[in-house]
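Contents: one structure, followed by commentary.
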Amino acid sequence: MDGRDADTDRSAPTAGVPGSNLGWYLGVILRGWHEEVERAVEGVPHGTRGYQILSVVGHNSPPTQSGLAKHLQIDKTVMPYVIDALQDAGLVERRTDPKDRRVRRIVLTPHGERTLAELEARVRAAEDAVFAGMPARARQAFVEHAAQLAVSIHNAHPSIDPCIAVLDALVDPEPGTAKR
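Sequential numbering of the sequence shown, starting at 31, is according to the numbering used here.
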């Protein structure tokens with residue numbers, strides 16, 4: 031025996047080895063995060079997107095529907111349906127802006143506030159599961175660097191839609207076709 035583990039999969043990419051694929055790493059991380067967070071937000075209209083809207087609304091001055099769409103890069107023709115579903119669930123409501131009666135602001139209802147607090151705890155637990163086995167310092171450094179890089183890229187290219195990258199990472203091409 032030469033000391034190597036016979037069960038080691040020699041075809042698996044090895045971290046830090048020249049030629050390793052950053053895209054593959056990010057895709058695996060994103061898939062793991064997406065699966066865990068989707069379970070954590072189960073029951074919320076529109077899943078992760080619904081949760082993101084609740085989070086933005088709950089932690090900022092009440093935004094307009096169009097402001098939310100722009101901030102989260104959700105198509106402005108789709109956003110009303112998402113807000114309608116959240117409103118039907120009793121999580122948000124549209125309120126007239128007292129400064130301009132033509133403007134509607136999206137606000138959390140008391141039920142939405144309680145739900146957001148619950149969801150944030152569940153999402154933290156889901157993210158803990160994604161980072162299981164990783165030292166706390168390494169996790170913190172990873173998240174900080176990822177945030178810096180994401181903000182840098184977003185500032186340089188604000189029109190880039192992160193949803194397209196997510197779709198590319200999470201959806202396999204049709205059999206017999208290649209991704210560009």
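Every residue, glycine too, gets a C-beta built ideally from N, C-alpha and C. Note that the coordinates shown come from a computational prediction; the quantities given were computed from them, not determined experimentally.
- It is roughly 19 Å from the alpha-carbon of Pro-75 to the alpha-carbon of Ser-96.
- By the Cβ-count criterion, Gly-120 is exposed, with fewer than 16 other Cβ atoms from all chains shown falling within 10 Å of its own Cβ.
- Annotation for Val-67: the continuous alpha helix (DSSP H) segment containing it runs 52-70.
- The continuous beta strand (DSSP E) containing Ile-136 extends over residues 130-138.
- Beyond the five residues adjoining it in sequence on each side, Thr-78 comes within less than 8 Å, by CB distance, of His-64, Val-67, Glu-68 and Val-71 in the same chain, given in chain order.
- Looking only at Ala-162, Phe-172 and Met-109, the smallest Cα-Cα distance to Leu-84 is reached by Met-109.
- By the neighbour-count definition (other C-beta atoms within 10 Å, threshold 16), Thr-145 is a buried residue.
- Beta-carbon to beta-carbon, His-101 and Val-122 are separated by about 15 Å, too far to satisfy the 8 Å threshold.
- A straight-line Cα-Cα distance of about 15 Å links Glu-157 and Arg-167.
- Linking Pro-188 to Ile-104 through their CA atoms gives a straight-line distance of about 13 Å.
- The Cβ atoms of Arg-135 and Pro-165 do not sit closer than 7 Å to each other.
- The DSSP-derived three-state label of Asp-105 is coil.
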